[in-house]
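Sequential numbering of the sequence shown, starting at 53, is according to this note's numbering.
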Amino acid sequence: MKKLLVVCYDYNHDNSINANAICVNEIIKRLDFENINVITTHDTKDGIKVKKTQNISVHSISINKSSITGKLLFKEWENRAKNYIVESKLVSKDTVILTVSFPFNMHNVGLYIKEQYKEIKWLCYELDPFAYNEGLRFAKSAKPYRLIKEKRIFSQADRILLTHELYREYSMKGIFQPYYSKFYDIGIPALIEFNIKEGNTDKSTYKLIFTGSFYKKLRNPKYMLNILNILVERYEYELHIFGPSLKEVENYLDGTKSERLIVHSRVGKSELTIFMENMDFFVNVGNSVENQVPSKIFDYISFGKPIINFYSIEKDTSEFYLKNYPLYMGIRENTKDIESVVKELDLFIRNFKGIIPDIEENERMFEKYTISNFIEKFNTILST
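Structure follows, in structure tokens:
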């Protein structure tokens with residue numbers, strides 16, 4: 053089949069940490085391409101590194117930080133990536149390009165390459181919105197400018213792949229009407245074929261795990277952390293947190309952190325999976341916007357373990373999927389009676405430890421969200 057060029061942030065095969073990079077990894081290792089090149093970032097100052105594994109070559113281009121703000125200089129990286137792709141002759145007329153945002157600079161690279169090689173097919177995959185990203189802190193006055201940039205990308209891309217949430221939203225916005233025919237509702241490739249194992253066999257211990265990132269505006273963990281800090285201390289449970297730093301966790305707590313609230317360093321997907329297999333309960337914090345869903349919930353579902361979801365808005369995107377999951381407890385964050393919530397959580401944990409869902413029923417309910425279903429859609433899009 054044709055060659056594939058992927059442009060994605062922070063990709064590192066099975067050791068990827070970034071949620072979008074994890075999704076990209078699940079996609080490309082299931083595709084039938086003779087040659088796959090991935091253009092990505094790395095945060096060391098040793099220029100460009102190339103690593104080849106079978107048919108996948110990863111080209112890691114260093115990204116610098118501002119000496120003033122400490123922020124990553126994505127525009128500088130974008131320009132380096134454009135030049136590198138052209139100079140390295142990674143594109144030919146039979147190349148398919150897949151660019152994945154966030155950040156939006158990945159699509160800018162795709163636009164540049166499309167303008168140089170008009171005959172190639174360009175797939176723009178938006179896992180995160182740009183102009184309509186309410187989770188980002190940008191001035192409202194910047195929205196028209198961001199819309200112009202996004203519309204330019206959409207006008208040049210051959211196919212626009214969207215999550216279910218973005219497809220629903222974008223298909224109702226008249227400003228995107230010229231691109232409706234390019235929109236594809238493809239979802240998120242995060243629900244691997246069900247990986248249901250017994251896990252923690254010690255009946256005297258109860259282990260909970262949270263994976264992912266905290267965002268004060270998009271995914272505020274304050275309510276969840278304070279509830280669970282009380283819970284694990286009182287009932288001698290354990291909460292393991294992967295992703296945020298110890299300082300981040302402590303900043304959200306009203307009191308002293310329990311020793312049973314254990315903060316781990318950020319680890320790659322393959323290592324994290326081992327930890328997850330040995331946990332009893334998964335914890336999620338829903339987003340505060342209606343057009344984004346934490347991809348981790350599909351990963352959680354695939355393990356077939358009880359899931360606790362803290363959410364803050366009525367149309368919570370996590371709740372939309374989890375409400376039909378048989379081992380689920382949802383907690384609305386406007387509950388003022390903290391003591392009642394802690395007791396209800398304790399009861400749920402004691403009743404559902406070690407319980408697994410009916411595998412066939414789970415597969416029936418969530419089959420359309422699996423990676424195999426995603427790949428089938430993706431291959432259909434490639435062939436059209």
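Glycine included, C-beta positions come from ideal geometry on N, C-alpha and C.
Selected residue, minimal CA-CA separation from residue i, among the options
i, options, result
"residue 233", "239, 213, 330, 217", "213"
"residue 126", "104, 164, 154, 100", "154"
"residue 341", "368, 352, 359, 361", "368"
"residue 222", "194, 208, 180", "180"
"residue 236", "194, 360, 184, 178", "178"
"residue 396", "408, 406, 386, 382", "382"
"residue 55", "74, 69, 68, 85", "85"
"residue 142", "199, 202, 111", "111"
"residue 434", "103, 137, 174", "174"
"residue 446", "391, 352, 320", "Given a span of 53 to 436 for the chain in the structure shown, any question on residue 446 remains unanswerable."
"residue 358", "364, 331, 366", "331"
"residue 427", "99, 135, 238", "238"
"residue 415", "354, 390, 436, 399", "354"
"residue 197", "99, 183, 334", "183"
"residue 373", "410, 385, 417", "417"
"residue 299", "185, 404, 317", "317"
"residue 202", "380, 158, 220", "158"
"residue 269", "365, 118, 205", "365"
"residue 399", "289, 351, 411", "289"
"residue 107", "219, 82, 117", "82"
"residue 99", "133, 284, 231", "133"
"residue 230", "215, 219, 103, 206", "206"
"residue 58", "109, 297, 103, 101", "109"
"residue 349", "389, 287, 145, 421", "421"
"residue 140", "406, 101, 105, 120", "101"
Integer-rounded CB distance, given that residue j should sit under 8 Å from residue i
i, j, result
"residue 371", "residue 338", "6 Å"
"residue 293", "residue 262", "5 Å"
"residue 172", "residue 136", "Between residue 136 and residue 172 the Cβ distance is about 17 Å, and since that is not below 8 Å, they are no contact."
"residue 356", "residue 408", "5 Å"
"residue 401", "residue 327", "18 Å between Cβ atoms; not a contact."
"residue 151", "residue 162", "4 Å"
Beta-carbon contacts of residue i that lie in its chain and below 6 Å, excluding the five residues immediately before and after
i, result
"residue 347", "71, 240, 242"
"residue 423", "78, 241, 244"
"residue 335", "260, 262, 360"
"residue 429", "238"
"residue 271", "337, 339"
"residue 287", "398"
Neighbourhood of residue i by C-beta distance below 7 Å, restricted to the same chain and skipping five residues each side
i, result
"residue 278", "305, 306"
"residue 160", "130"
"residue 273", "266, 304, 337"
"residue 385", "275, 362, 363, 364"
"residue 377", "353, 359"
"residue 404", "358, 379"
"residue 118", "125"
Close beta carbons around residue i, own chain, < 8 Å, minus the five adjacent residues each side
i, result
"residue 217", "342, 343, 344, 345, 369"
"residue 115", "93, 94, 95, 124, 125, 126, 128, 129"
"residue 324", "263, 294"
"residue 200", "none"
"residue 439", "In the structure as shown, the chain starts at 53 and stops at 436, and residue 439 therefore has no counterpart that could be examined."
"residue 390", "278, 279, 282"
Proximity test, residue i beta-carbon vs the ligand FAD heavy atom, cut-off 7 Å
i, result
"residue 327", "The ligand FAD is not part of the structure shown, which contains no ligands of any sort."
Proximity test, Cβ basis, 8 Å: residue i and chain C
i, result
"residue 83", "Reference to chain C is not applicable here, since this structure consists of a single protein chain."
Runs of beta strand (DSSP E) lying entirely within the region 99 to 169, each at least 3 residues, in chain order: 100 to 105, 108 to 114, 147 to 153
Is there contact here, the region 154 to 170 with the region 73 to 85, by at least three beta-carbon pairs under 8 Å? no
Enumerated in chain order, which unbroken segments of the beta strand (DSSP E) with a length of 3 residues or greater are wholly contained in the region 196 to 225? 211 to 214
Touching or not, the region 55 to 67 and the region 88 to 106, by the rule of three or more beta carbon pairs under 8 Å? yes
Beta strand (DSSP E) segments (min. 3 residues) lying fully within the region 358 to 436: 359 to 363, 380 to 384
What residue ranges within the region 267 to 313 form continuous beta strand (DSSP E) runs of no fewer than 3 residues, ordered along the chain? 290 to 294
Residue ranges of each beta strand (DSSP E) run of no fewer than 3 residues wholly in the region 54 to 93, ordered along the chain? 55 to 59
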